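Engineer:
Structure (C-alpha cells):
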C-alpha cells in the first residue's frame with residue numbers, strides 16, 4: 440500500500456542534513472535566464488546569504504523581451520522595464536547594485552550564451568545556481 444513508501448520517506452527525511460545554514464555563508468553566482476528567475480528560483484537563498492553578509496552576484500543572461508508580449512510596449516521598451524524591475528528585486532533581496540549583471544542577450548538566443556556567463560564573476564564563487572526550464576517539446 441501507500442503507507443510503506445511514506446514510512447520510508449519519513450525515515451530518509453529524518454536522516455537528512457540541513458545544508459541551508461552552511462549554504463548561507465558561501466559566495467554565489469546566480470545565473471538567471473531572464474529577469475524574475477532569480478527571485479522565483481532562489482530568492483530566499485539570496486536573501487539569506489545577504490543577511491549573513493555573503494557576496495552574491497546575479498547574472499541575467501537574456502532580457503526577457505519576448506516572454507510576456509505586450510500590446511503597449513515594444514520589445515526594447517519591455518526589456519528596459521524588466522531590467523528596472525530586476526534591479527529593484529535584487530535590491531530588495533539585499534544584492535548590491537554593482538553585483539547585478541545584465542549580459543544583454545535578446546530573449547530567445549540562449550543557445551548562443553554559453554561562455555558569456557564567465558564574463559560576470561572572476562572571483563570564483565563557491566556555488567553557482569542555475570534555473571533550467573524545459574518547454575513543451577522538452578527543449
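Residue numbers (our numbering): 440 to 578.
A virtual CB, placed ideally from N, CA and C, is assigned to each residue, including glycine.
Nothing here was measured: the structure is a model prediction, and the numbers come from that model.
1) With DSSP collapsed to three states, give me the class of residue 578.
2) Counting beta carbon pairs with one atom in the stretch 487-504 and one in the stretch 530-546, are three or more of them shorter than 8 Å?
3) Please report the straight-line C-alpha distance between residue 508 and residue 518, rounded to a whole angstrom.
4) CA-CA distance, residue 494 and residue 521?
5) Might you give, ordered along the chain, the residues of its own chain that have their beta carbon closer than 8 Å to the beta carbon of residue 503, omitting 5 neighbours on each side?
Structural biologist: Straight from the coordinates:
1) Counting from 1 along the chain shown, the entry for residue 578 is found at position 139. Residue confidence is low: residue 578 scores 44 on pLDDT, short of 50, so the model does not pin down where it sits. Its coordinate-derived value is still stated next. Note: residue 578 maps to coil in three-state DSSP.
2) yes
3) What you label residue 508 is simply residue 69 of the chain shown in a count that begins at 1. What you label residue 518 is simply residue 79 of the chain shown in a count that begins at 1. Roughly 11 Å separates the two Cα atoms.
4) Stepping through the chain shown from its first residue, residue 494 is reached at position 55. Stepping through the chain shown from its first residue, residue 521 is reached at position 82. Straight-line Cα distance between these residues: approximately 23 Å.
5) As a working mapping, residue 503 is identified with position 64 in the chain shown. Contacts found: 473, 474, 475, 517, 518, 521, 546.
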